Every structure is written in C-alpha cells, then in structure tokens.
Amino acid sequence: MLQELRERAALVALLQRPGAKWQDIALGVLETGGAVEMLERELRLQETLFPETDPVVTAIARAAEALTEWEAAGLEVHACFDRAYPSQLRGIHQMPPLLFSRGTLTEDRRAIAVVGTRQASERGLQIASTVARELALHKVTVVSGLAKGIDTAAHRAALEAGGRTVAVIGTGINRFYPSENRALQQQIAREGAVISQFWPDAPPSKQSFPMRNAVMSGYAAATVVVEAPWKSGARIQARLALEHGRPVVMPDQLLEHDWAREYAKRPGVHVVSGLEELLSVVEQVISDLHTGPDALPETPRLVATS
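Position 57 of the sequence shown, counted from 1, bears residue number 57 in the UniProt record's numbering, the numbering being contiguous throughout.
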C-alpha cells in the first residue's frame with residue numbers, strides 16, 4: 001500500500017475508534033509525525049501478550065476498504081495532511097481531520113462567506129442575492145451553508161451569475177438537507193464544490209451546524225452576515241470568524257440586534273450602509289490577504305453592476 005494511502009487509512013481508523021475526539025486527533029497527527037505512528041501508539045497499548053493478528057494492520061485494512069468504497073461512490077476524501085486539503089483550514093482550532101467533497105476543490109483564495117437566517121425577510125433575500133451576484137461576477141467564490149433562506153439565495157445568485165460557489169454542509173455529504181435543496185446541492189457539486197467534515201451518511205444534529213459554521217468561517221477570507229437574530233447560526237459564525245482572525249461585514253440594519261451592536265465595537269467588524277461600501281470593504285479584505293510575493297494577479301475592482 002502506498003504510504004500516502006496508508007496514512008489516510010490510518011487517520012480514518014483513528015477517527016472510527018469509539019470515543020475518538022476528532023479535533024485532538026487532527027492536531028495530534030500533525031504534531032506527532034503521522035497517522036500511522038499515532039495509531040500504532042494507541043493500539044499497541046491494547047495488545048494481548050500473543051495477539052493473533054496485528055491490530056494496526058487490521059484497522060488500516062478496514063479503513064482502506066471504506067476509503068475505496070467512498071471513492072467508488074464518487075466522493076473525494078481529503079486528509080488534513082494532504083496537499084489538496086484547503087490550507088486556510090489548517091490555521092483554525094476546529095480544523096477537521098477529514099473533508100469529504102463532491103465537485104472541484106480548489107485553493108479558493110478569493111472566497112467570501114455570505115450567511116444569514118433561515119427565516120429571512122424579503123429585504124434580506126434581496127441583499128444576499130445582490131451581494132452574491134456581485135461577488136460572483138468579480139471572480140470571488142461565494143461560500144455558504146446550503147440552509148434555507150439567506151444561504152439558498154446566495155448560492156442561487158452566484159450560480160445564476162456564472163460564478164463559483166462552495167456549500168459547506170452540516171450533514172454527511174450523501175444527505176440532502178433541507179430536502180428541497182437536493183437539486184441545488186447537486187448543481188453546486190457539478191459547477192462548484194460541496195464539502196462536509198462528517199461521515200458521508202451522517203444525519204443533521206444540534207452539534208453539527210455550529211461545527212459547519214466553524215469550517216465555513218475558516219474556509220472563507222471574510223464573512224458577510226446579512227440577517228441574523230440572536231439564535232441564528234450566522235451570529236455564531238460571526239463570533240467564530242473573529243476568533244479565526246477573519247473580518248466580519250454586516251449591513252447597518254443588523255444594528256437593531258443587541259449582539260450586532262456589541263460586535264460592531266470589535267476590531268475586524270465592518271458595518272456598511274450600502275452595497276457599494278460592502279463591496280469596497282470586501283475588495284480591501286482580499287487585497288490585504290494577498291499582497292507581497294504571493295499576490296494574486298490583478299482582477300477587476302468590486303463595483304456594483306446595474
């Protein structure tokens with residue numbers, strides 16, 4: 001077995017163990033020199049005096065079978081130590097050890113998250129659609145969570161503009177949640193990318209969506225919060241984005257909420273009064289991230305189209 005495949009299988013084996021703490025495993029693998037070494041250390045401690053089979057070999061072989069099945073089903077599996085793994089996620093505390101994807105996973109250095117409540121107002125849907133369209137037209141990847149409301153509007157607008165959009169979902173990648181977004185999820189997989197940090201058939205859960213928000217925040221260069229009451233996952237993402245050192249952009253109408261007024265005082269939060277100002281802030285965010293020898297080629301300025 002090639003060493004790269006063996007390492008990936010060992011990581012899957014570690015994650016499949018009962019009670020496995022995914023976050024600790026991700027950090028441990030990167031710090032200790034490899035998944036095989038970490039698996040050997042954990043399983044050798046449980047060996048009997050005269051084991052009939054090598055537990056490490058058995059665990060890796062089982063995990064390799066799962067990897068083969070996933071890939072045969074059209075899934076791509078990215079370990080945190082793979083070259084294809086999004087580098088921007090390695091810098092966040094909640095780094096997923098594995099990512100499953102459908103579609104085209106690219107570096108996406110020009111990526112902005114557009115998020116908001118599921119119970120969106122007509123005004124909120126309009127803002128989300130307009131922002132996503134303008135970002136897409138200016139070659140900025142629109143990242144969102146494929147939920148009802150703001151997320152759906154952002155994904156649809158990006159696709160309609162012929163742009164790239166990435167859906168970071170809170171279920172396994174074989175699931176369609178909400179069910180009415182099945183066709184949209186399939187379209188995003190064809191024209192952009194769908195990614196998940198959960199086992200492929202994992203159902204939605206109370207914990208999975210905040211975890212999804214952390215990955216979405218880490219993946220994007222900044223987060224635009226369109227509408228978000230106190231209990232909204234978008235508010236959680238705003239907090240996580242600031243933890244990750246990612247700017248947060250919000251329209252001034254969000255200041256009707258206590259949480260938004262509190263966040264507006266924090267470094268890294270930009271309150272904007274219109275689309276032109278929002279696009280100007282996003283342009284500056286992208287420019288700040290990509291200056292120096294690794295700067296991206298010059299691209300059109302983000303200016304609202306008519």
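Ideal Cβ positions, reconstructed from N, Cα and C, are used throughout, including at glycine. Treat the numbers as computed from the prediction; the structure is a model and nothing was measured.
So residue i and residue j are supposed to be a Cβ contact under 8 Å. How far apart are they, rounded?
i	j	result
L278	V249	6 Å
L99	I195	5 Å
I169	L135	With 8 Å as the limit, I169 and L135 do not qualify as a contact, their Cβ atoms being about 20 Å apart.
residue 354	N181	The structure shown has nothing for residue 354, since the chain only spans 1 to 306.
I112	V226	Contact flag wrong, Cβ pair sits at about 12 Å.
R133	A161	5 Å
P210	G233	7 Å
T117	A228	6 Å
Roughly how many angstroms separate the alpha carbons of residue i and residue j, rounded to a whole number?
i	j	result
F50	E71	For F50, the predicted model reports a pLDDT of 48, less than 50, meaning its position is unreliable; a value from the coordinates is still stated below. Going from the Cα of F50 to the Cα of E71 covers about 36 Å.
R261	T165	30 Å
V285	G245	12 Å
P178	S208	14 Å
A79	P86	10 Å
G34	M95	16 Å
A20	R41	14 Å
S205	G172	11 Å
L2	G163	37 Å
R212	I236	11 Å
R17	L43	10 Å
E263	E69	Per the sequence presented here, residue 263 reads as Tyr, with Glu not at that position. Computed Cα separation, rounded: 45 Å.
W22	W199	12 Å
S280	E256	23 Å
Helix, strand or coil for residue i per DSSP?
i	result
I25	helix
I60	helix
S196	strand
P203	coil
P251	strand
A84	coil
A79	strand
R72	At residue 72 the sequence reads Ala, which differs from the Arg that was named. Helix at A72.
T171	coil
A183	helix
A66	helix
Return yes when the Cβ of residue j is within less than 9 Å of the Cβ of residue i, no when it is not.
i	j	result
M216	V140	no
A221	Q88	yes
A64	L39	no
L105	A193	yes
E243	H138	no
V271	A238	no
A61	V12	no
R90	L14	no
S101	L125	no
residue 346	E4	Absent from the model: residue 346. The displayed extent of the chain is 1 to 306, so no value can be given.
D288	S273	no
R8	V77	yes
Between residue i and chain D, is there a C-beta pair that is closer than 9 Å?
i	result
A264	The structure shown contains no chain D; it is built from a single protein chain.
TODO: Enumerate, from N- to C-terminal direction, the unbroken beta strand (DSSP E) stretches of 3 or more residues contained entirely within the region 90-163.
DONE: With a minimum length of 3 residues, the continuous beta strand (DSSP E) runs that stay inside the region 90-163 are 98-103, 111-115, 141-144.
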